[in-house]
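As given, the protein sequences belong to chains A and W, one line each in that order. Under full-length UniProt numbering, the first residue of the first sequence carries the number 1, and numbering increases by one thereafter. Under full-length UniProt numbering, the first residue of the second sequence carries the number 1, and numbering increases by one thereafter. No residue lacks a Cβ here, since even glycine has one placed at the ideal position from N, Cα and C. The model shown is predicted, which means the values in this text are computed figures rather than measured ones.
2 protein chains.
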Amino acid sequence: MTDDSSRAFVPGHVTGFFSVHEADDPEKAGSRGAGLTLSDGVTVEVEPAVETSMQLNDEPAAVEAVTRVLSALGVEARVRATTDLPVGAGFGVSGAAALGTALAANRTFDCGRSENELVAIAHAAEVESGTGLGDVVAQARGGVPIRLDPGAPEYGRMDGVPAWTRIEYLTLGERSTSAVLSGNTDRLSEVGVDKLVRLVEEPTLPTLMETSREFAREADLLTPEVESVVGDVLAEGGEASMAMLGETVFALGNGLSRAGYDAETCETYPAGARLEMP
Amino acid sequence: MTDDSSRAFVPGHVTGFFSVHEADDPEKAGSRGAGLTLSDGVTVEVEPAVETSMQLNDEPAAVEAVTRVLSALGVEARVRATTDLPVGAGFGVSGAAALGTALAANRTFDCGRSENELVAIAHAAEVESGTGLGDVVAQARGGVPIRLDPGAPEYGRMDGVPAWTRIEYLTLGERSTSAVLSGNTDRLSEVGVDKLVRLVEEPTLPTLMETSREFAREADLLTPEVESVVGDVLAEGGEASMAMLGETVFALGNGLSRAGYDAETCETYPAGARLEMP
């Protein structure tokens, strides 16, 4: 790191269920739903540059939401994001890159924005890029976020399931968030709101996992591969569901390894996105 | 820890400036203002008991807000709180004990409350006990919290200064929060709102420290001892102010030790109050 570079860490986020809420103002658009933030996440380093460029895991990359964040802050920067999470598999990597860029660029360039303002910029950038609707506000909060109302901090409203648990995950392939979001989401959203009502009545981890499984099935988002892995975890007495939107299974505790899968291990992450100590 | 005991950690919190907002409903009452959450905090362990009892650092203790939290949840428990923070010196120890009790008791007794509901219970307990107005919601959030609107999560609104920094603190004696809060707070609140407007315009650490110093002086809360220590830190080019309400000086970085004081060291705490892993 050079003297004027800054670094931020943003937790990964898997969504269990959600509903889509459109609005002309990208700060008001978003999703309701619930999921888990993860100790596996994205580290973003930002330093001043003559022209904006970006790397993801040391390879040149173009994440539209990141470019939009830098434009909104009026700066040109070199952005380097690194992550152990699978990309394009439902872990909110694009949202994390956008939010980490906002936090780190704010410090590098002394932009003087508040945390809510930076979250709003990253959320709007992600919505306008069509790559996500609720990851950024969840990643800004940490824990096991419940998104009660959609949108950036000024409009949205959040709660959380009070829990801290080990998590395992297994990715079977890639899946495009924007392809699903650009289709008809009416049925999906109807189911998502039903599940939210249930979780708010009983905000516990078992209820989150159960409503997530029901959502995946009822909204017709389960693939046969994911369904088979989830079934194996349940057969061993574990709790698992599908990450929205990715070909990914996540499980509480050691649910996947107990069912014989070679899964990645992490924990829920108690903090939201944060700058690293200078 | 026994099998059915649970443990939570709650960061300490020093307030730099504040204004008082009264309301009949303790969830709507509270304070606006800003401060820093600290990696030094309070660990609270809760286990079922025939009759409620409490210890603070292995001594029998009576913290009214803790008793009120257990009553609100309808449970009897043995509560053990431990902390390295000075008690009665402006670090929000009573709020931390109340919030940690709410989180840990919710798990021990399977109360099924959400995080917002637990924060609301602890906030109301603290307000009704007269021991604090804004610590609980700040401690639930973590980071460098700005309390934009008073009250529990359903009513309050928060933002944050995006920063992570080393902190030093020095306590010169005890001071009663309830004695100040039960007096006339009109002038204090007028000054506090002015400072909040300034910080919202420029949400940075230097502005937080400057507005905090101005508040302490203009609201006439500085004692000669605190003023002298703060002056010594400033003379060495450091940033310091007084913890509201305590005979305590807090400084950014190594401001106190550089001025020759034997201070405690910690960091701002990026997460809010949280359960510990079972």
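Self-check item: Per-residue DSSP class, three states only, for W/Met209
Solution: Against the second sequence, residue 209 of chain W aligns to sequence position 209. Residue state, collapsed to three classes: helix.
Self-check item: For W/Leu133, three-class secondary structure by DSSP
Solution: The residue given as residue 133 of chain W occupies position 133 in the second sequence. Looking at W/Leu133 - three-state DSSP - the assignment turns out to be coil, as it is neither helix nor strand.
Quiz prompt | When W/Leu70, W/Glu168, W/Ala8 are compared against W/Gly96, the one with the closest alpha-carbon | solution = Numbered from 1 along the second sequence, position 96 holds the residue referred to as residue 96 of chain W. It is worth fixing the name first, because residue 96 of chain W is Ala in this sequence and not Gly. W/Ala96 has its Cα closest to that of W/Ala8, out of W/Leu70, W/Glu168, W/Ala8.
Quiz item: Assuming A/Leu99 contacts A/Val10 under a Cβ cut-off of 8 Å, what Cβ separation, rounded to an integer in Å, is found between them?
Solution: As a position in the first sequence, residue 99 of chain A is number 99, starting the count at 1. As a position in the first sequence, residue 10 of chain A is number 10, starting the count at 1. Sure, about 5 Å apart at Cβ, within 8 Å.
Quiz item: When the distance is taken between beta carbons, is A/Ser5 closer than 8 Å to A/Val46?
Solution: To locate residue 46 of chain A, count along the first sequence from 1; it is residue 46. To locate residue 5 of chain A, count along the first sequence from 1; it is residue 5. The answer is yes: Cβ separation under 8 Å.
Quiz item: Closest to A/Ala179 by CA distance: which of A/His123, A/Ile121, A/Leu245 is it?
Solution: The sequence position of residue 179 of chain A within the first sequence is 179, counting from 1. Per the C-alpha coordinates, the member of A/His123, A/Ile121, A/Leu245 positioned closest to A/Ala179 is A/Leu245.
Quiz item: What first and last residue would you give for the beta strand (DSSP E) that runs through W/Leu172?
Solution: Counted from its first residue, the second sequence places residue 172 of chain W at position 172. Counting along the chain, the beta strand (DSSP E) containing W/Leu172 begins and ends at 166 to 173.
Exercise. Name, please, each residue of chain A whose Cβ falls closer than 7 Å to the Cβ of W/Thr82.
Key: The residue given as residue 82 of chain W occupies position 82 in the second sequence. Neighbours of W/Thr82 on chain A: none; closest Cβ ~19 Å, over 7 Å.
Quiz prompt | Contacting residues, own chain, Cβ-Cβ under 7 Å from A/Ala271 (five flanking each side not counted) | solution = Residue numbering aside, residue 271 of chain A sits at position 271 when the first sequence is read from its first letter. Same-chain partners within the cutoff: Gly142.
Quiz prompt | Cβ-based neighbour list, W/Ala102, same chain, cut-off 6 Å, excluding 5 preceding and 5 following | solution = Within the second sequence, residue 102 of chain W is the residue found at index 102, counting from 1. Shown here for W/Ala102: same chain residues with a beta carbon closer than 6 Å to its own, the five before and five after excluded, namely Val69, Leu118, Ile121, Ala122 in chain order.
Self-check item: Bounding residues of the beta strand (DSSP E) (the contiguous stretch that carries A/Arg157)
Solution: Start at 1 with the first residue of the first sequence, and residue 157 of chain A comes out as number 157. Where A/Arg157 is concerned, the enclosing beta strand (DSSP E) stretches over 157 to 160.
Quiz item: Does A/Val127 have its Cβ less than 8 Å from a Cβ in chain W?
Solution: Within the first sequence, the letter at position 127 stands for residue 127 of chain A. It does not: the Cβ of A/Val127 has no partner Cβ on chain W nearer than 8 Å.
Exercise. Could you pull out every residue in the same chain whose Cβ sits closer than 8 Å to the Cβ of A/Val182, ignoring the five residues on either side in sequence?
Key: For the purposes of this step, residue 182 of chain A is identified with residue 182 of the first sequence, where counting begins at 1. Sequence inspection shows Ser at residue 182 of chain A; the Val mentioned does not correspond to that position. Answer for A/Ser182: Gly130, listed in chain order.
Exercise. Output yes or no for whether 8 Å exceeds the beta carbon distance between A/Glu115 and W/Gly160.
Key: As a first step, residue 115 of chain A must be located in the first sequence, where it is residue number 115. As a first step, residue 160 of chain W must be located in the second sequence, where it is residue number 160. Taking 8 Å as the Cβ cut-off, A/Glu115 and W/Gly160 qualify as a contacting pair.
Self-check item: Nearest residue (CA-CA) to W/Leu56, options W/Val93, W/Leu148, W/Glu190, W/Pro206
Solution: The residue labelled residue 56 of chain W in the question sits at position 56 within the second sequence. Closest by alpha carbon: W/Val93.
Practice problem: Quick one: residues in its chain with C-beta nearer than 7 Å to the C-beta of W/Glu218, no 5 flanking neighbours on either side, listed in chain order? | Solution: Within the second sequence, numbered from 1, the residue matching residue 218 of chain W stands at position 218. Contacts found: Val191.
Quiz prompt | Unbroken alpha helix (DSSP H) run spanning W/Val233, endpoints | solution = Indexing the second sequence from 1 puts residue 233 of chain W at position 233. Per DSSP, W/Val233 belongs to the alpha helix (DSSP H) from 224 to 235.
Quiz item: Tell me which same chain residues have a C-beta within less than 7 Å of the C-beta of A/Gly237, skipping the five on either side of it?
Solution: Counted from its first residue, the first sequence places residue 237 of chain A at position 237. In the same chain as A/Gly237, and ignoring 5 residues on each side of it, no C-beta atom comes closer than 7 Å to its own.
Practice problem: Return the Cβ separation of A/Gly112 and W/Glu202 in integer angstroms, given the expectation that the two are a contact with Cβ distance under 8 Å. | Solution: Taking the first sequence and counting its residues from 1, the one referred to as residue 112 of chain A is at position 112. Taking the second sequence and counting its residues from 1, the one referred to as residue 202 of chain W is at position 202. With 8 Å as the limit, A/Gly112 and W/Glu202 qualify as a contact, their Cβ atoms being about 6 Å apart.
Quiz item: Whose C-alpha, out of W/Thr82, W/Glu64, W/Val127, W/Gly35, is nearest the C-alpha of W/Asp58?
Solution: Taking the second sequence and counting its residues from 1, one reaches residue 58 of chain W at position 58. Comparing Cα-Cα distances from W/Asp58 to each of W/Thr82, W/Glu64, W/Val127, W/Gly35, the minimum goes to W/Thr82.
Self-check item: Reduced DSSP secondary structure (H/G/I, E/B, other) of A/Gly143
Solution: The count along the first sequence starts at 1 and reaches residue 143 of chain A at position 143. Under the three-state reduction of DSSP, A/Gly143 is assigned to coil, being neither helix nor strand.
Practice problem: Express the C-alpha separation of A/Lys195 and A/Gly16 in angstroms, rounding to a whole number. | Solution: Counting from 1 along the first sequence, the entry for residue 16 of chain A is found at position 16. Counting from 1 along the first sequence, the entry for residue 195 of chain A is found at position 195. Roughly 10 Å between the two C-alpha positions.
Quiz item: For the candidate residues A/Thr171, A/Val193, A/Ile167, A/Thr108, whose alpha-carbon lies nearest to that of A/Pro150?
Solution: Residue mapping note: residue 150 of chain A aligns to position 150 of the first sequence, counting from 1. For the residues A/Thr171, A/Val193, A/Ile167, A/Thr108, the minimum Cα distance to A/Pro150 belongs to A/Val193.
Quiz prompt | Residues bridged to W/Ser53 (per DSSP) | solution = Position 53 of the second sequence, counting from 1, holds the residue named residue 53 of chain W. BP columns for W/Ser53 point to W/Arg78.
Quiz item: Taking buried to mean at least 16 other C-beta atoms within 10 Å of its own C-beta, is A/Glu174 buried or exposed?
Solution: Numbered from 1 along the first sequence, position 174 holds the residue referred to as residue 174 of chain A. Result: exposed.
Quiz prompt | Sub-8 Å separation of A/Ala163 and A/Leu205 beta-carbons | solution = Stepping through the first sequence from its first residue, residue 163 of chain A is reached at position 163. Stepping through the first sequence from its first residue, residue 205 of chain A is reached at position 205. Contact flag set, yes.
Exercise. Would you kindly work out how many angstroms separate the C-alpha atoms of W/Ala34 and W/Arg198, rounded to a whole number?
Key: One-based indexing of the second sequence puts residue 34 of chain W at position 34. One-based indexing of the second sequence puts residue 198 of chain W at position 198. About 11 Å.
Self-check item: Residues that A/Ala163 contacts on chain W, provided the C-beta gap is smaller than 7 Å
Solution: Counted from its first residue, the first sequence places residue 163 of chain A at position 163. Here the neighbours are Leu275.
Quiz item: Between the stretch 191 to 218 of chain A and chain W, which residues of the former have CB atoms less than 8 Å from a CB of the latter, in chain order?
Solution: Val200, Glu202, Pro203, Thr204
Self-check item: Interfacial residues, the stretch 128 to 151 of chain A to chain W, with Cβ spacing under 8 Å
Solution: Gly142, Gly143, Ile146
Quiz item: If you check the beta carbons only, do A/Arg258 and A/Val230 fall under 8 Å apart?
Solution: Taking the first sequence and counting its residues from 1, one reaches residue 258 of chain A at position 258. Taking the first sequence and counting its residues from 1, one reaches residue 230 of chain A at position 230. Judged by beta-carbon spacing, A/Val230 lies beyond the 8 Å limit of A/Arg258, meaning their Cβ atoms are not closer than that value.
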